[in-house]
Amino acid sequence: MIRFVAKVVYPRMEIFPERLYRCSKNDIKYICRLLIYCLMRLSIIQSSLAWENPAANRAMFARKLAPLRDQTDLAVLPEMYTTGFSMNAGALAEPMDGPTVQWMREQSALLGGALAGSFICSEAGNFYNRLLFMRPDGTFEYYDKKHLFSLTGEHEQYVAGNKQLVVEWRGWRIRPLVCYDLRFPVWSNNSASPPASGLAGSAPDGSKDATSSLPSGERPGNQSSRTPYDLLLYVANWPSRRSHHWRTLLAARAIENQSFVAGVNIVGKDGNDYEYTGDSAIIDFAGQQI
710 MIRFVAKVVY PRMEIFPERL YRCSKNDIKY ICRLLIYCLM RLSIIQSSLA WENPAANRAM
770 FARKLAPLRD QTDLAVLPEM YTTGFSMNAG ALAEPMDGPT VQWMREQSAL LGGALAGSFI
830 CSEAGNFYNR LLFMRPDGTF EYYDKKHLFS LTGEHEQYVA GNKQLVVEWR GWRIRPLVCY
890 DLRFPVWSNN SASPPASGLA GSAPDGSKDA TSSLPSGERP GNQSSRTPYD LLLYVANWPS
950 RRSHHWRTLL AARAIENQSF VAGVNIVGKD GNDYEYTGDS AIIDFAGQQI
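First residue of the sequence shown: 710, per our numbering; consecutive thereafter.
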(Lines of atoms letter the chains of each structure in order from A; the text may use other names.)
(Lines give C-alpha, C1' and ligand atoms only; values in the text may rest on other atoms or scores of the structure.)
Protein backbone atom coordinates (compact mmCIF):
# COMPACT_ATOMS: atom_id res chain seq x y z
CA MET A 710 0.00 0.00 0.00
CA ILE A 711 1.41 3.38 -1.04
CA ARG A 712 -0.18 6.58 0.15
CA PHE A 713 0.68 10.27 -0.12
CA VAL A 714 0.39 12.04 3.21
CA ALA A 715 0.68 15.79 3.69
CA LYS A 716 2.01 17.20 6.92
CA VAL A 717 -0.21 19.79 8.59
CA VAL A 718 1.53 23.11 8.02
CA TYR A 719 -0.29 25.32 10.50
CA PRO A 720 2.08 24.55 13.46
CA ARG A 721 4.89 26.04 11.40
CA MET A 722 3.20 29.09 9.93
CA GLU A 723 6.19 31.20 10.96
CA ILE A 724 7.86 30.06 7.74
CA PHE A 725 5.27 31.94 5.67
CA PRO A 726 5.23 35.70 5.01
CA GLU A 727 3.07 37.63 7.49
CA ARG A 728 0.55 38.75 4.89
CA LEU A 729 -0.07 36.39 1.99
CA TYR A 730 -1.75 39.10 -0.11
CA ARG A 731 1.54 41.03 -0.04
CA CYS A 732 3.53 38.11 -1.39
CA SER A 733 5.72 38.58 -4.41
CA LYS A 734 5.95 35.93 -7.12
CA ASN A 735 9.18 34.69 -5.53
CA ASP A 736 7.43 34.38 -2.16
CA ILE A 737 4.66 32.33 -3.74
CA LYS A 738 7.19 30.04 -5.43
CA TYR A 739 8.95 29.62 -2.07
CA ILE A 740 5.70 28.70 -0.35
CA CYS A 741 4.89 26.17 -3.07
CA ARG A 742 8.28 24.54 -2.62
CA LEU A 743 7.67 24.30 1.14
CA LEU A 744 4.29 22.69 0.60
CA ILE A 745 5.76 20.16 -1.82
CA TYR A 746 8.49 19.42 0.72
CA CYS A 747 5.81 18.64 3.30
CA LEU A 748 4.46 15.78 1.19
CA MET A 749 5.68 12.27 1.95
CA ARG A 750 5.27 9.10 -0.08
CA LEU A 751 4.63 6.50 2.61
CA SER A 752 4.53 2.78 1.82
CA ILE A 753 3.38 0.12 4.29
CA ILE A 754 4.23 -3.48 3.42
CA GLN A 755 1.70 -5.99 4.74
CA SER A 756 2.54 -9.66 4.18
CA SER A 757 2.51 -13.17 5.55
CA LEU A 758 5.83 -14.38 6.99
CA ALA A 759 7.85 -17.58 6.74
CA TRP A 760 8.03 -18.74 10.35
CA GLU A 761 11.51 -18.36 11.87
CA ASN A 762 13.14 -18.17 8.43
CA PRO A 763 15.07 -14.88 8.14
CA ALA A 764 16.66 -15.60 4.76
CA ALA A 765 13.32 -16.46 3.14
CA ASN A 766 11.63 -13.37 4.60
CA ARG A 767 14.39 -11.03 3.52
CA ALA A 768 14.21 -12.41 0.00
CA MET A 769 10.42 -12.07 -0.05
CA PHE A 770 10.48 -8.48 1.15
CA ALA A 771 13.23 -7.62 -1.33
CA ARG A 772 10.85 -8.67 -4.13
CA LYS A 773 8.03 -6.57 -2.66
CA LEU A 774 10.27 -3.53 -2.23
CA ALA A 775 11.76 -3.65 -5.75
CA PRO A 776 8.80 -1.88 -7.49
CA LEU A 777 9.05 0.96 -4.96
CA ARG A 778 12.54 2.07 -5.99
CA ASP A 779 12.59 5.85 -6.37
CA GLN A 780 8.82 5.81 -5.76
CA THR A 781 8.68 6.16 -1.97
CA ASP A 782 10.18 8.25 0.82
CA LEU A 783 9.58 5.69 3.57
CA ALA A 784 8.72 1.99 3.44
CA VAL A 785 7.64 0.26 6.64
CA LEU A 786 7.85 -3.48 7.36
CA PRO A 787 6.05 -5.34 10.19
CA GLU A 788 7.28 -6.29 13.64
CA MET A 789 9.90 -9.09 13.65
CA TYR A 790 9.57 -9.19 9.89
CA THR A 791 12.41 -11.72 9.47
CA THR A 792 11.02 -14.37 11.83
CA GLY A 793 7.46 -13.76 12.94
CA PHE A 794 6.66 -13.08 16.60
CA SER A 795 8.95 -15.77 17.99
CA MET A 796 10.17 -16.28 21.55
CA ASN A 797 13.07 -18.38 20.23
CA ALA A 798 15.42 -15.44 20.66
CA GLY A 799 18.53 -17.46 21.47
CA ALA A 800 18.47 -19.18 18.09
CA LEU A 801 17.25 -16.27 15.96
CA ALA A 802 18.83 -13.10 17.37
CA GLU A 803 21.34 -11.18 15.25
CA PRO A 804 23.95 -8.59 16.21
CA MET A 805 23.90 -5.07 14.83
CA ASP A 806 26.54 -6.05 12.26
CA GLY A 807 24.53 -9.10 11.18
CA PRO A 808 22.78 -9.93 7.89
CA THR A 809 19.47 -8.17 8.61
CA VAL A 810 21.03 -4.77 9.34
CA GLN A 811 23.21 -5.12 6.26
CA TRP A 812 20.15 -6.12 4.20
CA MET A 813 18.24 -3.05 5.39
CA ARG A 814 21.21 -0.85 4.48
CA GLU A 815 21.29 -2.31 0.96
CA GLN A 816 17.52 -2.13 0.45
CA SER A 817 17.27 1.46 1.67
CA ALA A 818 20.00 2.49 -0.76
CA LEU A 819 18.17 0.76 -3.61
CA LEU A 820 14.87 2.39 -2.61
CA GLY A 821 16.32 5.86 -2.42
CA GLY A 822 14.15 6.18 0.69
CA ALA A 823 14.13 5.16 4.33
CA LEU A 824 13.23 1.65 5.50
CA ALA A 825 11.85 0.72 8.93
CA GLY A 826 10.93 -2.53 10.67
CA SER A 827 11.79 -4.56 13.76
CA PHE A 828 13.87 -7.70 14.17
CA ILE A 829 15.32 -9.84 16.98
CA CYS A 830 18.57 -8.20 18.03
CA SER A 831 21.30 -9.41 20.38
CA GLU A 832 23.49 -6.93 22.19
CA ALA A 833 25.68 -7.19 25.30
CA GLY A 834 24.19 -10.57 26.22
CA ASN A 835 20.56 -9.38 25.95
CA PHE A 836 17.83 -9.77 23.35
CA TYR A 837 15.72 -6.88 22.07
CA ASN A 838 12.69 -6.46 19.84
CA ARG A 839 14.45 -3.66 17.97
CA LEU A 840 12.97 -1.35 15.34
CA LEU A 841 15.54 0.03 12.94
CA PHE A 842 15.04 3.21 10.90
CA MET A 843 17.54 3.00 8.04
CA ARG A 844 18.39 5.87 5.68
CA PRO A 845 19.67 5.49 2.10
CA ASP A 846 23.13 6.73 3.11
CA GLY A 847 23.52 3.84 5.56
CA THR A 848 23.00 5.83 8.76
CA PHE A 849 20.30 4.60 11.10
CA GLU A 850 18.56 5.02 14.43
CA TYR A 851 16.76 2.43 16.51
CA TYR A 852 14.02 2.00 19.09
CA ASP A 853 13.72 -0.98 21.45
CA LYS A 854 10.14 -2.04 22.22
CA LYS A 855 9.14 -0.68 25.60
CA HIS A 856 6.00 -2.63 26.48
CA LEU A 857 6.59 -6.36 26.18
CA PHE A 858 3.63 -8.73 25.81
CA SER A 859 3.69 -10.90 28.93
CA LEU A 860 0.91 -13.26 27.76
CA THR A 861 3.34 -14.79 25.26
CA GLY A 862 6.35 -14.59 27.60
CA GLU A 863 8.00 -11.81 25.62
CA HIS A 864 9.13 -10.18 28.87
CA GLU A 865 10.99 -13.38 29.79
CA GLN A 866 13.01 -13.52 26.56
CA TYR A 867 13.57 -9.86 25.71
CA VAL A 868 14.72 -6.75 27.54
CA ALA A 869 12.43 -3.73 27.37
CA GLY A 870 13.69 -0.47 25.98
CA ASN A 871 13.55 2.70 28.05
CA LYS A 872 14.24 5.38 25.43
CA GLN A 873 11.92 7.14 23.03
CA LEU A 874 12.91 8.11 19.54
CA VAL A 875 11.86 10.83 17.11
CA VAL A 876 13.49 10.63 13.70
CA GLU A 877 13.85 13.64 11.42
CA TRP A 878 13.33 12.58 7.82
CA ARG A 879 12.65 14.74 4.77
CA GLY A 880 10.91 17.46 6.74
CA TRP A 881 8.93 15.08 8.94
CA ARG A 882 9.36 14.18 12.59
CA ILE A 883 8.55 10.49 13.03
CA ARG A 884 8.10 8.47 16.22
CA PRO A 885 8.38 4.68 15.73
CA LEU A 886 6.78 2.26 18.20
CA VAL A 887 6.17 -1.49 18.28
CA CYS A 888 2.90 -3.44 18.56
CA TYR A 889 1.86 -3.63 22.26
CA ASP A 890 3.10 -0.06 22.76
CA LEU A 891 -0.17 0.90 21.04
CA ARG A 892 -2.11 0.18 24.24
CA PHE A 893 -0.15 2.75 26.28
CA PRO A 894 -1.21 6.27 25.27
CA VAL A 895 1.11 8.07 27.69
CA TRP A 896 4.12 6.55 25.92
CA SER A 897 3.02 8.06 22.60
CA ASN A 898 1.97 11.44 24.00
CA ASN A 899 2.74 14.10 21.40
CA SER A 900 4.29 16.66 23.71
CA ALA A 901 7.59 18.37 24.35
CA SER A 902 7.21 17.66 28.07
CA PRO A 903 8.73 14.60 29.80
CA PRO A 904 6.28 11.83 30.77
CA ALA A 905 4.67 12.06 34.19
CA SER A 906 6.60 10.29 36.92
CA GLY A 907 5.65 6.63 37.23
CA LEU A 908 3.47 6.56 34.12
CA ALA A 909 5.99 5.71 31.43
CA GLY A 910 9.01 4.61 33.45
CA SER A 911 8.08 0.94 33.63
CA ALA A 912 5.69 -1.42 31.92
CA PRO A 913 2.76 -2.85 33.92
CA ASP A 914 3.67 -6.37 32.82
CA GLY A 915 6.88 -6.23 34.87
CA SER A 916 9.24 -6.17 31.89
CA LYS A 917 12.79 -5.00 32.46
CA ASP A 918 14.30 -1.76 31.24
CA ALA A 919 17.49 -1.78 29.24
CA THR A 920 20.49 0.49 29.33
CA SER A 921 22.47 -0.79 26.39
CA SER A 922 25.77 0.30 24.94
CA LEU A 923 25.59 2.37 21.76
CA PRO A 924 27.86 1.26 18.92
CA SER A 925 29.45 3.94 16.78
CA GLY A 926 27.08 5.60 14.32
CA GLU A 927 23.90 4.87 16.27
CA ARG A 928 21.81 7.54 17.95
CA PRO A 929 19.32 6.68 20.69
CA GLY A 930 16.05 8.39 21.46
CA ASN A 931 15.89 10.97 24.22
CA GLN A 932 14.73 9.49 27.51
CA SER A 933 14.45 12.70 29.50
CA SER A 934 12.42 14.87 27.13
CA ARG A 935 9.98 14.52 24.29
CA THR A 936 10.10 15.96 20.81
CA PRO A 937 6.77 16.67 19.08
CA TYR A 938 6.19 14.52 16.02
CA ASP A 939 4.13 14.56 12.82
CA LEU A 940 3.84 10.83 12.13
CA LEU A 941 3.45 7.93 14.57
CA LEU A 942 4.53 4.51 13.28
CA TYR A 943 3.42 1.16 14.70
CA VAL A 944 4.88 -2.10 13.39
CA ALA A 945 3.05 -5.16 14.68
CA ASN A 946 2.11 -8.82 14.74
CA TRP A 947 -1.45 -8.17 15.99
CA PRO A 948 -3.74 -11.27 16.00
CA SER A 949 -7.11 -11.21 14.28
CA ARG A 950 -9.01 -11.96 17.50
CA ARG A 951 -8.11 -8.44 18.68
CA SER A 952 -8.32 -6.71 15.30
CA HIS A 953 -11.11 -4.39 16.49
CA HIS A 954 -8.78 -3.11 19.21
CA TRP A 955 -6.03 -2.53 16.66
CA ARG A 956 -8.23 -0.49 14.33
CA THR A 957 -9.81 1.51 17.15
CA LEU A 958 -6.57 2.30 18.97
CA LEU A 959 -4.78 3.43 15.80
CA ALA A 960 -7.52 5.98 15.21
CA ALA A 961 -7.50 6.99 18.88
CA ARG A 962 -3.75 7.64 18.85
CA ALA A 963 -4.17 9.83 15.75
CA ILE A 964 -6.99 11.89 17.25
CA GLU A 965 -5.51 12.41 20.70
CA ASN A 966 -2.06 13.31 19.36
CA GLN A 967 -3.26 15.28 16.31
CA SER A 968 -0.79 13.43 14.11
CA PHE A 969 -0.76 11.00 11.22
CA VAL A 970 -0.55 7.33 12.27
CA ALA A 971 0.62 4.37 10.20
CA GLY A 972 0.12 0.81 11.45
CA VAL A 973 1.71 -2.17 9.68
CA ASN A 974 0.52 -5.69 10.53
CA ILE A 975 0.89 -9.15 8.99
CA VAL A 976 -1.54 -11.65 7.47
CA GLY A 977 -1.80 -15.41 7.55
CA LYS A 978 -0.99 -17.86 10.34
CA ASP A 979 2.22 -18.03 12.37
CA GLY A 980 4.10 -20.97 13.91
CA ASN A 981 2.02 -20.74 17.08
CA ASP A 982 -1.20 -21.09 15.07
CA TYR A 983 -2.28 -17.48 15.63
CA GLU A 984 -4.17 -15.94 12.72
CA TYR A 985 -3.63 -12.42 11.42
CA THR A 986 -5.92 -10.42 9.14
CA GLY A 987 -3.68 -7.42 8.55
CA ASP A 988 -5.82 -4.31 8.83
CA SER A 989 -2.75 -2.18 8.11
CA ALA A 990 -3.72 1.45 7.76
CA ILE A 991 -2.60 5.04 7.37
CA ILE A 992 -4.79 7.43 9.35
CA ASP A 993 -4.92 11.22 9.35
CA PHE A 994 -4.97 13.47 12.39
CA ALA A 995 -8.79 13.46 12.41
CA GLY A 996 -8.88 9.68 12.80
CA GLN A 997 -9.92 8.98 9.21
CA GLN A 998 -8.22 6.28 7.16
CA ILE A 999 -6.45 7.64 4.10
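No residue lacks a Cβ here, since even glycine has one placed at the ideal position from N, Cα and C.
Exercise. What is the DSSP secondary structure of residue 957, reduced to helix, strand or coil?
Worked result: helix
Exercise. Got a sec, what are the start and stop residues for the alpha helix (DSSP H) residue 770 sits in?
Worked result: 763-774
Problem set entry | Candidates 797, 990, 983, 752, of which the one nearest residue 775 by Cα | 752
Exercise. Per DSSP, which one or two residues make a beta bridge with residue 986?
Worked result: 976
Exercise. Which whole runs of the alpha helix (DSSP H) in the stretch 794-829 are 4 residues long or more, in chain order?
Worked result: 798-801, 808-820
Exercise. Identify the residues that DSSP records as bridge partners of residue 946: which are they?
Worked result: Note: residue 946 sits in no beta bridge, so no partner.
Problem set entry | Where residue 895 falls: helix, strand or coil (DSSP) | helix
Exercise. Taking residue 782 as the reference, which of 818, 767, 811 has the closest Cα?
Worked result: 818
For this session: Please report how far the alpha carbon of residue 802 lies from the alpha carbon of residue 874, in whole angstroms.
Result: 22 Å
Problem set entry | Whole-angstrom distance between residue 778 and residue 812, CA atom to CA atom | 15 Å
Problem set entry | Short Cβ contact (8 Å threshold) for residue 847 with residue 814 | yes
Problem set entry | Distance between residue 816 and residue 892 (C-alpha atoms, nearest Å) | 31 Å
Exercise. Closest to residue 821 by CA distance: which of 878, 978, 961, 761 is it?
Worked result: 878
Problem set entry | Span separating the alpha-carbon of residue 784 from that of residue 792 | 19 Å
Exercise. From this set, 837, 876, 827, 868, which residue's C-alpha is nearest residue 850's C-alpha?
Worked result: 876
For this session: Indicate whether residue 969 and residue 961 have their beta-carbon atoms separated by less than 8 Å.
Result: no
Exercise. Can you give the beta carbon distance from residue 854 to residue 870, rounded, assuming they're within the 8 Å contact cut?
Worked result: 6 Å
Exercise. What span of residues does the beta strand (DSSP E) with residue 865 cover, start to end?
Worked result: First-last for residue 865: 863-866, but that is the alpha helix (DSSP H), not the beta strand (DSSP E).
For this session: Find out if the Cβ-Cβ distance for the pair residue 852, residue 804 is shorter than 8 Å.
Result: no
Exercise. Ends of the beta strand (DSSP E) at residue 889?
Worked result: Note, residue 889: premise wrong, no beta strand (DSSP E); not H, not E.
Problem set entry | Whole-angstrom distance between residue 787 and residue 980, CA atom to CA atom | 16 Å
Exercise. Excluding the five sequence neighbours on either side, which residues of its own chain have a C-beta within less than 8 Å of the C-beta of residue 767, listed in chain order?
Worked result: 791, 808, 809, 812
For this session: Work out the CA separation of residue 764 and residue 771 for me, nearest whole Å.
Result: 11 Å
For this session: Under 6 Å Cβ to Cβ from residue 773, same chain only, skipping five residues before and after it: list those, please.
Result: 754
For this session: Taking only the alpha-carbon atoms, compute the straight-line gap between residue 880 and residue 937 and give it to the nearest angstrom.
Result: 13 Å
Exercise. What is the residue span of the beta strand (DSSP E) that residue 853 lies within?
Worked result: 849-853
Problem set entry | Alpha-carbon spacing of residue 978 relative to residue 860, whole angstroms | 18 Å
Problem set entry | Option nearest residue 889 by Cα separation, candidates 897, 758, 992 | 897
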